[in-house]
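Going by my numbering, the residue at position 58 of the sequence shown is 345; the numbering climbs one at a time, nothing skipped.
Working notes, beginning with the structure itself.
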Amino acid sequence: MKTSHGPKRRGGRITRSITGKVDAMPTGLRPLHGSLRKPLLSLLQAQINGIENIPASGGFLLAANHRAFLDHFLLAAATPRPIRFIGKETLAEGLGGRFNTAMGMIPVRRGIADAEMMETASAVLKAGVPIAIFPEGTRSRTGELYRFRSGMARLAVETGVPIVPTGIRGSWRVWPPENDLPYFRIPPHGLVEVTFCKPVVVATDSPRARRDATNLVYDRIARACGQPRNNGYAPIGG
């Protein structure tokens, strides 16, 4: 008789242990992070600032601007702790998708209020595991920093975790958004830069508090990444 390990929904959306709890830290994530972090940062010759703003323990949301597919790998390497990601649902498809979800990606259905993603992310954060999120909802094709969507602040206040605003510079020069693959050359030192800013805490669970926190996170990221601001939402599709 086979033992059931709970539901594994299509596309890797939720993985639960035999106890029925969400597996907060995938088995391979910690060793992969430990073995690849320094080599990747060395290869990219990346400049990392504000590392002291990363909480030493407990869950937190790492919110960043997003211009290139490289951003996922760059943030994972720049962060001293293993971190999970929220990514579009199509990244959970196929062989590559199996790897992404095995390494902790939490798929999201973009353009809707994805309650299943929120449930999974909430459980992960409450278990003390950090999650990275791109609150624009997609990569910026224009180079502008688009208005942030509401899920970030709602997730932070629901779980009681801080938000660490993070500015990324130069990643799009290594892996332009229109390219399927990155340029296979070592970039100049400091071309790629990650800046972790002072954490933001959502004061109360009210629309105004969530809006104020979102605006503060946006302002800190805008200053750190240097992108021109756009008050509209990014078009979803890429």
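We put the beta carbon where it would ideally sit given N, CA and C, even for glycine.
It should be emphasised that the depicted structure is a prediction, and the values quoted were computed from it without experimental measurement.
*Helix or strand or just coil, what does DSSP make of residue 523?*
Under the three-state reduction of DSSP, residue 523 is assigned to coil, being neither helix nor strand.
*How long is the line joining the alpha carbons of residue 514 and residue 432, rounded to whole angstroms?*
Straight-line measurement puts the Cα of residue 432 at about 6 Å from the Cα of residue 514.
*Check whether the Cβ atoms of residue 488 and residue 449 sit closer than 7 Å, and answer yes or no.*
If you check the CB distance, residue 488 and residue 449 come in under 7 Å.
*Should residue 402 be labelled buried (16 or more other beta-carbon atoms within 10 Å of its own) or exposed?*
exposed
*Just checking my contact of residue 351 with residue 328 at CB under 8 Å: how many whole Å lie between their CB atoms?*
Not a contact, Cβ separation roughly 16 Å.
*asked:* Please report the distance separating the alpha-carbon of residue 294 from that of residue 310.
replied: Here the model assigns residue 294 a pLDDT of 39, short of 50, so the residue's position is not dependable, and the following value carries that caveat. Whole-angstrom Cα-Cα distance: 12 Å.
*Which residue comes first and which comes last in the alpha helix (DSSP H) that contains residue 501?*
Residue 501: member of the alpha helix (DSSP H) spanning 494-512, first to last residue.
*For residue 369, which residues from the same chain have a beta carbon less than 6 Å from its beta carbon, with the 5 sequence-adjacent residues on both sides left out?*
Short of 6 Å from the beta carbon of residue 369, and not among the five residues preceding or following it, lie these beta carbons of its own chain, in chain order: 316, 317 and 320.
*For residue 451 versus residue 492, is the C-beta distance shorter than 7 Å?*
no
*Any idea what DSSP makes of residue 295, helix, strand or coil?*
Its pLDDT being 43, under 50, residue 295 is placed unreliably in this model, and the value from its coordinates should be taken loosely. Strand.
_Outcome for residue 519 when other beta-carbon atoms lying within 10 angstroms are tallied against a minimum of 16_ = exposed
*Would you list the one or two residues that DSSP bridges to residue 393?*
373
*Return helix, strand or coil for residue 435, following the three-state DSSP convention.*
coil
*Is the CB-CB distance between residue 415 and residue 345 below 7 Å?*
Between residue 415 and residue 345, the gap from beta carbon to beta carbon is short of 7 Å.
*How close, in whole Å, do the beta carbons of residue 504 and residue 435 come, if the pair is a contact with beta carbons under 8 Å?*
7 Å
*Can you give, in chain order, each stretch of the alpha helix (DSSP H) that sits fully within the segment 436-479 and has at least 4 residues?*
438-446 and 458-461
*Write down the C-beta distance between residue 453 and residue 508 rounded to the nearest angstrom, noting that I regard them as a contact closer than 8 Å.*
7 Å
*How far does the alpha helix (DSSP H) with residue 351 in it reach, from first residue to last?*
For residue 351, there is no enclosing alpha helix (DSSP H); the enclosing beta strand (DSSP E) covers residues 348-351.
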